[in-house]
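Numbering-wise, our numbering puts 148 at position 148 of the sequence shown, and it's gapless, one number per residue.
Here's the structure, in structure tokens; my notes come after.
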Amino acid sequence: MMSTIVRRAALSAAVVAALTGVAACGSSDSGKDGGEKAAGKTATHVSPIAALRSAEKSTDKADSAKVRSTTSIGDLMSMTANGALTWGDGLKGNLTITYTGGQMAELMKKAGTQSMEARYLPDAYYAHMSDTYAQQAGGGKHWIKYSYEDLAKLGGASGSYMKDQIQNATPNQSVKMLLASGDVKKVGVETVSGVHTTHYSGTLNVADLAGKTSNLSAEQLSALKKQLSQAGVTTDTVDIWIDDQDLLVKKTEKADTANGAMTNTSFYTDYGVKVTAEAPPAGDTKDFADMLKSGGTLTGGTGATS
1 MMSTIVRRAA LSAAVVAALT GVAACGSSDS GKDGGEKAAG KTATHVSPIA
51 ALRSAEKSTD KADSAKVRST TSIGDLMSMT ANGALTWGDG LKGNLTITYT
101 GGQMAELMKK AGTQSMEARY LPDAYYAHMS DTYAQQAGGG KHWIKYSYED
151 LAKLGGASGS YMKDQIQNAT PNQSVKMLLA SGDVKKVGVE TVSGVHTTHY
201 SGTLNVADLA GKTSNLSAEQ LSALKKQLSQ AGVTTDTVDI WIDDQDLLVK
251 KTEKADTANG AMTNTSFYTD YGVKVTAEAP PAGDTKDFAD MLKSGGTLTG
301 GTGATS
């Protein structure tokens, strides 16, 4: 039971990074197309593609942001995440993940908590487990370290997908998703959390990626198709809201995955916030690779993306 909790918690923490971290760093569009008048600018016609490119630069330059999100994946889990991330030199940051429903919520209850801290560093991420877990399965240690190389072994191809998604988190991932969709469109001008924004949307069909004509190179399209296919994603609809400073305010994502329908809504604020993240104390950390050697196994369906 505890080994199931460990690996599913690990994968769900990875999912949150992929859906909130990458998106926070990456859903770069521009609100120029509809926000000039509200911002006191001279109205100009900017294509959705040009707007995306412009906001990609602004979001990349911002380097960090506060993030809050909700995510659900079939009957596997529903969760919230809150924290801050930076992406200037590899993904770093801290998120508090709370399981609100599904199999993961039930498993975490048995482990003595419904919330955990996920700490992200460029070479690994760390999951903080409960006192109950530490006593029963952690050898008295609360933190589980997952190097991205170990994560690649978790659940086969799905583990490799999560490794790539986290380790290669860049400020343009969601922009790539929209550009690859081939049908990026401006939906309209909307107010989100009191902020004037422009809304863009696109739907990506993974099966059609190879032959898609877009602003991405053939190599980029191939890599994107591989990542999504490994997660069992067949279609992915991404909507993003960009403010008048060309910064991402909100992102929603809906996808069909191997574990059922996935939905995610993320909000981003306080761009440029200082973010610090350090490895937990070694004396309170257990390496997942060592747990495998001591008897843990990874077989069959192992969680968020298996």
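Glycine included, C-beta positions come from ideal geometry on N, C-alpha and C.
Item to check | Coarse secondary structure for Ala279, derived from DSSP in three states | outcome: Note: Ala279 maps to coil in three-state DSSP.
Next on the checklist: Measuring CB atoms only, is the segment 87–103 touching the segment 120–133, in the sense that at least three cross pairs come out at less than 8 Å?
Outcome noted: yes
Checklist entry - For Lys293, which of helix, strand or coil comes out of DSSP? => result helix
Item to check | For Ile49, the residue or residues it bridges with in DSSP | outcome: Bridge partners of Ile49: none, in fact.
Next on the checklist: Once the 5 residues before and after Ala277 are set aside, which same chain residues still bring their CB inside 7 Å of it?
Outcome noted: Lys92, Gly93, Asn94, Arg119, Tyr120, Leu121
Next on the checklist: Helix, strand or coil for Lys109? Go by DSSP, reduced to three states.
Outcome noted: helix
Next on the checklist: Would Val249 and Asp243 be called neighbours here (beta carbons separated by less than 8 Å)?
Outcome noted: yes
Checklist entry - Just how far apart, CA to CA, sit Gly83 and Thr96? => result 6 Å
Next on the checklist: Does the contact criterion of 3 or more C-beta pairs under 8 Å hold for the segment 100–114 versus the segment 123–141?
Outcome noted: yes
Checklist entry - Looking at His199 and Val187, is the spacing between their C-beta atoms short of 8 Å? => result The answer is yes: Cβ separation under 8 Å.
Checklist entry - Among His128, Asp75, Ala51, which one has its Cα closest to the Cα of Glu106? => result Asp75
Checklist entry - Hey, Val61 and Asp270: beta-carbon distance below 8 Å or not? => result With the sequence shown as reference, residue 61 is identified as Lys, and Val is not the correct amino acid for it. No. Outside cutoff.
Item to check | Residue interval of the alpha helix (DSSP H) (run including Tyr120) | outcome: First-last for Tyr120: 115–120, but that is the beta strand (DSSP E), not the alpha helix (DSSP H).
Item to check | N-terminal and C-terminal residue of the alpha helix (DSSP H) that Leu151 is part of | outcome: 148–151
Checklist entry - From what residue to what residue does the beta strand (DSSP E) around Ala137 run? => result No beta strand (DSSP E) contains Ala137, which DSSP labels as neither H nor E.
Checklist entry - Roughly how many angstroms lie between the CA atoms of Gln103 and His128, to the nearest whole one? => result 19 Å
Checklist entry - Cβ atoms of Gly260 and Val238: under 8 Å apart, would you say? => result no
Checklist entry - What does Glu253 pair with, by DSSP beta-bridge criteria? => result Answer is Val238, Asn264.
Next on the checklist: Which of the three DSSP states is assigned to Ala127 in this structure?
Outcome noted: Correct three-state label for Ala127: strand.
Item to check | Nearest neighbour of Tyr126, chosen from Tyr268, Phe288, Lys293 [CA to CA] | outcome: Phe288
Item to check | Straight-line gap, Lys57 to Ser47 (C-alpha atoms, nearest Å) | outcome: 16 Å
Next on the checklist: Does Asp246 come out as helix, strand or coil in the three-state DSSP assignment?
Outcome noted: coil
Checklist entry - With a CB to CB cut of under 7 Å and the five nearest residues on each side skipped, what residues in its chain are close to Thr98? => result Met79, Thr80, Gln114, Ser115
Next on the checklist: Using only CA atoms, which one of Gly194, Leu178, His196, Thr234 lies nearest to Asn205?
Outcome noted: Thr234
Checklist entry - Across which residues does DSSP place Ser56 in a beta bridge pair? => result Inspection of the sequence shows that residue 56 is occupied by Glu rather than by Ser. Glu56 pairs with nothing; no bridge assigned.
Next on the checklist: Per DSSP, what are the beta-bridge partners of Val189 in this structure?
Outcome noted: Val189 pairs with Thr198.
Checklist entry - Which runs of the alpha helix (DSSP H) fall wholly inside the segment 55–89 and span at least 4 residues, in chain order? => result none
Item to check | For Leu95, the three-state DSSP class (helix, strand or coil) | outcome: strand
Item to check | Asp270 (DSSP reduced to helix, strand or coil) | outcome: coil
Checklist entry - Which of the three DSSP states, helix, strand or coil, is assigned to Asp287? => result strand
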